[in-house]
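Undergrad: Residues 5 to 249 (the numbering used here) are what the sequence shown spells out, left to right. For each residue, glycine too, the CB sits at the ideal point set by N, CA and C. Everything numeric in this text was worked out from a predicted model, so none of it was measured.
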Amino acid sequence: MTLPEHTNPLRQFFERNSGGILHKWHHYFDIYHRHFERFRGSDVHVVEIGVSQGGSLRMWRDYFGPTATIHGVDVNPHCREFAVEGFTIHVGDQEDRGFLRRLRQQIPRLDILIDDGGHTMRQQIHTFEELFPHISPHGVYLCEDLHTSYWRAFGGGARRRGTFVEFSKSMIDWLNAWHSRQPRRLAVTDFTRTVDSLHFYDSILVIEKGPHPQPTHSQTGRPVIPIPRPPRDSFWRRLRRTWRP
5 MTLPEHTNPL
15 RQFFERNSGG
25 ILHKWHHYFD
35 IYHRHFERFR
45 GSDVHVVEIG
55 VSQGGSLRMW
65 RDYFGPTATI
75 HGVDVNPHCR
85 EFAVEGFTIH
95 VGDQEDRGFL
105 RRLRQQIPRL
115 DILIDDGGHT
125 MRQQIHTFEE
135 LFPHISPHGV
145 YLCEDLHTSY
155 WRAFGGGARR
165 RGTFVEFSKS
175 MIDWLNAWHS
185 RQPRRLAVTD
195 FTRTVDSLHF
205 YDSILVIEKG
215 PHPQPTHSQT
225 GRPVIPIPRP
235 PRDSFWRRLR
245 RTWRP
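1. When burial is assigned at 16 or more other CB atoms within 10 Å of the CB, is Lys213 buried or exposed?
2. Using DSSP's beta-bridge definition, name the partner residues of Thr73.
3. Mapping DSSP to helix, strand and coil, what is Asp78?
4. Go ahead and pull the three-state DSSP assignment for Ile253.
5. In three-state DSSP terms, what is Ser201?
6. With distance defined between alpha-carbon atoms, name the residue in Asp119, Gly24, Gly59, Ala72 nearest to Glu41.
7. Taking Ile74 and Leu61 to be in contact with their CB atoms under 8 angstroms, please state how far apart those CB atoms are, rounded to whole angstroms.
8. List the residues that DSSP assigns as beta-bridge partners of His138.
9. Would you say the region 146 to 156 touches the region 219 to 236, given that touching needs at least three Cβ pairs under 8 angstroms?
10. Terminal residues of the continuous alpha helix (DSSP H) containing Asp119?
11. Can you give the beta carbon distance from Tyr131 to Leu104, rounded, assuming they're within the 8 angstroms contact cut?
12. Rounded to a whole number of angstroms, what is the C-alpha to C-alpha distance between Pro13 and Gly161?
13. How far does the alpha helix (DSSP H) with Val169 in it extend, from its first residue to its last?
14. Closest to Val51 by CA distance: which of Arg84, Ala87, Ile118, Arg108 is it?
15. Which word fits Ile139, buried or exposed, when buried means at least 16 other C-beta atoms lie within 10 angstroms of its C-beta?
16. Ordered along the chain, which non-local residues of its own chain (more than five positions away) have a Cβ less than 6 angstroms from that of Val79?
17. With C-beta atoms as the reference, is Ser15 less than 7 angstroms away from Phe43?
18. Would Ile25 be called buried (16 or more neighbouring beta carbons within 10 Å of its own) or exposed?
19. Tell me, to the nearest whole angstrom, how far the beta carbon of Gly59 is from that of Gly23; I am working on the premise that it is less than 8 angstroms.
20. Among Gly121, Asp47, Cys83, whose alpha-carbon lies nearest the alpha-carbon of Leu114?
See the structure below:
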């Protein structure tokens with residue numbers, strides 16, 4: 005559901021911002037609010053990669069409230085100046101797996117990860133691979149500005165192998181791996197067991213974590229119309245064999 009601009013608290017902060025630069029695509033605000041609202045007023049632990057001028061860190065503080073713990077990650081050492089405002093700042097390159105592993109050790113709890121960093125393919129993929137498993141069991145991962153997957157300057161290109169968008173398409177398979185009958189090609193993984201849902205938007209991917217055990221199914225009621233005998237080895241016969249309780 006899209007909120008009227010005057011009722012979205014994130015959009016409200018954006019409109020009245022007179023501090024550090026805050027640059028956002030306008031449709032992002034409703035996406036943030038849809039997935040983050042349940043954490044407001046709690047002791048949520050947030051990591052945002054990409055501090056820039058500090059505008060978004062202040063937006064998250066205003067949104068989540070004073071009990072939130074907010075970490076900012078940036079390659080620019082001058083971002084340490086924002087620590088005086090109550091943020092924990094980590095300086096390093098998100099493409100560097102060693103840095104990301106050290107960051108993981110420095111942040112014992114991670115409920116929300118927002119990747120708004122350099123937007124190159126390696127940065128986004130390395131960050132996902134190193135930090136996503138560290139997100140809490142009911143946490144949220146959000147990577148934004150995925151349009152760089154279509155821009156050559158960032159290592160992108162439409163349907164080009166190695167882009168983050170192409171990488172993320174595999175997540176649909178991982179989520180559905182419980183139904184795979186070719187385990188050598190598609191096996192159940194920790195991703196399958198710990199991800200509740202994927203949400204693809206224009207330029208944003210959101211992953212909601214949550215327990216995902218092997219699905220079960222059943223049926224109730226009784227036949228009320230005749231079921232035609234399907235032709236031998238027809239699609240419908242195979243379907244009935246597959247779904248027989």
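TA: Let me spell this out:
1. buried
2. Beta-bridge pairing links Thr73 to His49.
3. The answer is strand: DSSP assigns Asp78 an E or B state.
4. Since the first residue of the chain shown is 5 and the last is 249, residue 253 is not available in this structure.
5. strand
6. Ala72
7. 6 angstroms
8. Answer is none; His138 lacks a bridge partner.
9. no
10. Where Asp119 is concerned, there is no enclosing alpha helix (DSSP H), although the beta strand (DSSP E) it sits in stretches over 116 to 119.
11. Note on identity: in this sequence residue 131 is Thr, with Tyr being the wrong assignment. Rounded, the Cβ-Cβ distance is 6 angstroms, consistent with contact.
12. 35 angstroms
13. 168 to 179
14. Ile118
15. buried
16. Asp97
17. The question names Ser, but residue 15 is Arg in the sequence shown. Going by C-beta atoms, Arg15 is not nearer than 7 angstroms to Phe43.
18. exposed
19. 6 angstroms
20. Proximity to Leu114 across Gly121, Asp47, Cys83 peaks at Asp47, based on C-alpha coordinates.
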